[in-house]
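Inspection log for the structure reproduced underneath, given as structure tokens.
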Amino acid sequence: MALHERAGQPAQAQDLTNIAQLISAYFVNEVDPRNPAEQVKFGTSGHRGSALQNSFNEAHILAMSQALVAYREEQHITGPLLLGKDTHALSEAAFMTALEVFIGNDIEVHIQSEDGYTPTPVISHAILRYNRGRSSDLCDGVVITPSHNPPADGGFKYNPPHGGPADTDATKVIEKYANALLTSELAGVQAVSYGEARGSKLCREVDWRQAYIDSLAEVIDMESIAKADIRIGVDALGGAGASYWDIIARQYDLNIEVHHQEVDASFRFMTLDKDGKIRMDCSSPYAMASLLKLKEHYAVAVGNDPDYDRHGIVTPTHGLLNPNHYLAVAIDYLCRHRDWHNDLAIGKTLVSSAMIDRVVTANNRKLREMPVGFKWFAQELHQGITAFAGEESAGATFLDRQGQPWSTDKDGIILALLAAEICATTGKNPGEYYDELCRQHGTSYYQRVDVPSSAELNAAFGSIRAYKLKLESLAGDEVTAVMTKAPANDALIGGVKVTTANGWFAARPSGTEPVYKIYSESFVSAEHLQQLAAEAEQLVNQWLQG
3 MALHERAGQP
13 AQAQDLTNIA
23 QLISAYFVNE
33 VDPRNPAEQV
43 KFGTSGHRGS
53 ALQNSFNEAH
63 ILAMSQALVA
73 YREEQHITGP
83 LLLGKDTHAL
93 SEAAFMTALE
103 VFIGNDIEVH
113 IQSEDGYTPT
123 PVISHAILRY
133 NRGRSSDLCD
143 GVVITPSHNP
153 PADGGFKYNP
163 PHGGPADTDA
173 TKVIEKYANA
183 LLTSELAGVQ
193 AVSYGEARGS
203 KLCREVDWRQ
213 AYIDSLAEVI
223 DMESIAKADI
233 RIGVDALGGA
243 GASYWDIIAR
253 QYDLNIEVHH
263 QEVDASFRFM
273 TLDKDGKIRM
283 DCSSPYAMAS
293 LLKLKEHYAV
303 AVGNDPDYDR
313 HGIVTPTHGL
323 LNPNHYLAVA
333 IDYLCRHRDW
343 HNDLAIGKTL
353 VSSAMIDRVV
363 TANNRKLREM
373 PVGFKWFAQE
383 LHQGITAFAG
393 EESAGATFLD
403 RQGQPWSTDK
413 DGIILALLAA
423 EICATTGKNP
433 GEYYDELCRQ
443 HGTSYYQRVD
453 VPSSAELNAA
463 FGSIRAYKLK
473 LESLAGDEVT
483 AVMTKAPAND
493 ALIGGVKVTT
503 ANGWFAARPS
513 GTEPVYKIYS
523 ESFVSAEHLQ
533 QLAAEAEQLV
543 NQWLQG
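Convert by adding 2 to the 1-based position in the sequence shown; the result is the number in the working numbering.
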């Protein structure tokens, strides 16, 4: 994809979403349930869409909320439902609709006090805390968020009682029920007015924000950060956790300077992403250009996307760290500075850097390599099998300092604070720490390329079978494995991965765009990476063409 001429530059008036038009479309536009593009569809992180494209409208939320009511009844989930929202414009509207349905079905619903916003990891943390020690009347949660997507988008994500993202078995049932309701013109949806919902005894306001902040010392060495008095920069990106940082600074006596605390549904303060769109992606140097200009002012600077499940780490020496690099640093540091049981494993997605494999091996830990999607880690974090789980798209979480589950969804806040802890404890910023890992384990050369495709070609990934692929060498090295299933749980990865002693590539289709993604990594050189990537694209094209 060509870089947009204004990538990294401040958004201008013509780049902004017309919020009034967007909200009107949410309530007014009619959905065609026969059009696949307008149906409910759960991807790796819930259902996402835009009211302007008839893919995230009031009808969708009415249907998904009622479908979730039915799913809860089937699963005998009888505790309260924790309902959170981020700062996207459609999140506010969808929050109101969902609350009307849940209260209309006599479900006890907990919401953040004072109409506050709630980060995804805070909902996960609250679910775990509520359910701890209980065997019945367990709670679950919904977060209204499209993550880092542009301002015109909305999202609806379900977290069952284990606290993490719902697995495919659950989302398929909810998706099926919801589309049936859309087809029946919402017959069977039970809802009350918003005023009645807010006035109901079933609607309880809870201060999750303060409870989460009060617990942070259980998972991060806040005392060490305070003693070091390092200067920390935060780009709140106008997200759900924007109000958290000042409280954290006061409560733990930290030296934090916060930018972009204001909530503005147009996100007009953003710099444009690589494609010229406003996208609150804290792993993109273009979206994070404002903070990067200030990198020399801080020992470490951090950013989070609107629902705060992702993290971006900026250092004065290395700028915005590649997410894979920071995952490797975080894993190595935690393995050395947490008294976790030796049997606890480290989880990563199969398209994350093999530097992680080398770090895990050096720390005598087991590696759990999963398909893409954080839902694959949730149960293992909940059950205490995995101590750390991370994915290449800048999302991760880990157990607390006592080895107990902190969150089973990605937590950008603790990953940001961990960067400060690393600086305070080691005297090195995460970029310098990664350089040391390279000296120990070799230098990684990693890239992801989006290849133009079609719905038919993307569907062809489903027919690729590893045993049919006779491949002996890749980029001059002997092939050590060809896989279409994840090593940790034998689940289909939706694509294919090929490994050698010096590198690997993986290919999988996009769930939202007419492209497929090729991830590749070499431990030899940048030139070897390009050779590997070129051969990978040629091979994948052959396999898809049959």
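All C-beta atoms, glycine included, are put in the ideal place defined by N, C-alpha and C.
Status (buried if at least 16 other CB within 10 Å, exposed otherwise) for residue i
i, result
"Thr-363", "exposed"
"Leu-85", "buried"
"Val-145", "buried"
"Tyr-1", "Past the edges of the chain, shown from 3 to 548, lies residue 1, and the structure says nothing about it."
"Gly-478", "exposed"
"Phe-29", "exposed"
"His-78", "exposed"
"Asp-283", "buried"
"Arg-252", "exposed"
"Leu-352", "buried"
"Thr-185", "exposed"
"Arg-50", "buried"
"Ser-475", "exposed"
"Pro-153", "buried"
"Gln-385", "exposed"
Three-state class that DSSP yields for residue i in the structure shown
i, result
"Gly-397", "strand"
"Asn-37", "coil"
"Phe-525", "coil"
"Phe-271", "coil"
"Leu-5", "coil"
"Glu-480", "strand"
"Leu-329", "helix"
"Ala-535", "helix"
"Asp-311", "coil"
"Ile-348", "strand"
"Phe-379", "helix"
"Val-542", "helix"
"Thr-388", "strand"
"Met-357", "helix"
"His-262", "coil"
"Ile-495", "strand"
"Glu-298", "helix"
"Tyr-288", "coil"
Residue i - partner residues in DSSP beta bridges
i, result
"Ser-52", "Asp-155"
"Ser-149", "Answer by DSSP bridge pairing: none, since Ser-149 is not bridged."
"Trp-506", "Thr-501 and Glu-523"
"Asp-142", "Leu-83"
"Glu-371", "Lys-350"
"Val-2", "Given that the chain is displayed from residue 3 to residue 548, the structure contains no residue 2 and the question cannot be resolved."
"Tyr-160", "Val-144"
Cutoff 8 Å: residue i Cβ touching any chain D Cβ
i, result
"Val-260", "Given the protein chain composition of this structure (a single chain), no chain D is represented."
Threshold first: 3 residues or longer. Then list the beta strand (DSSP E) segments lying entirely within the region 175–248, N to C.
205–208 and 233–237
Hey, which unbroken runs of the beta strand (DSSP E) at 3 residues or more fall wholly within the region 92–138?
111–114
Validate contact between the region 56–66 and the region 230–237 using beta carbons, cut 8 Å, 3 pairs:
no
Which full runs of the alpha helix (DSSP H) of 4+ residues lie inside the region 401–466, going along the chain?
414–428, 432–443 and 457–462
When you compare the region 485–502 with the region 365–380, are there three or more beta-carbon pairs, one atom per stretch, that lie closer than 8 Å?
yes
Complete runs of the alpha helix (DSSP H) confined to the region 56–89 [at least 4 residues]
60–77
Can you confirm whether the region 297–304 touches the region 227–234 when touching is taken to mean that 3 or more C-beta pairs between the two stretches lie within less than 8 Å?
yes
Please confirm if the region 321–333 is in contact with the region 349–365, defined as three or more CB-CB distances below 8 Å between the two stretches.
yes
Okay, do the region 173–181 and the region 68–78 touch, 3+ Cβ pairs below 8 Å being the bar?
yes
Examine the Cβ distances between the region 281–295 and the region 7–14 and report whether three or more of them are shorter than 8 Å.
yes
Meets three-Cβ-pair contact criterion under 8 Å: the region 206–213 and the region 405–416:
no
Would you be able to state if there are at least three C-beta pairs under 8 Å between the region 315–323 and the region 344–357?
no
Three or more beta-carbon pairs under 8 Å between the region 511–521 and the region 449–460, yes or no?
yes
Any 3 or more C-beta pairs closer than 8 Å across the region 180–196 and the region 93–112
yes
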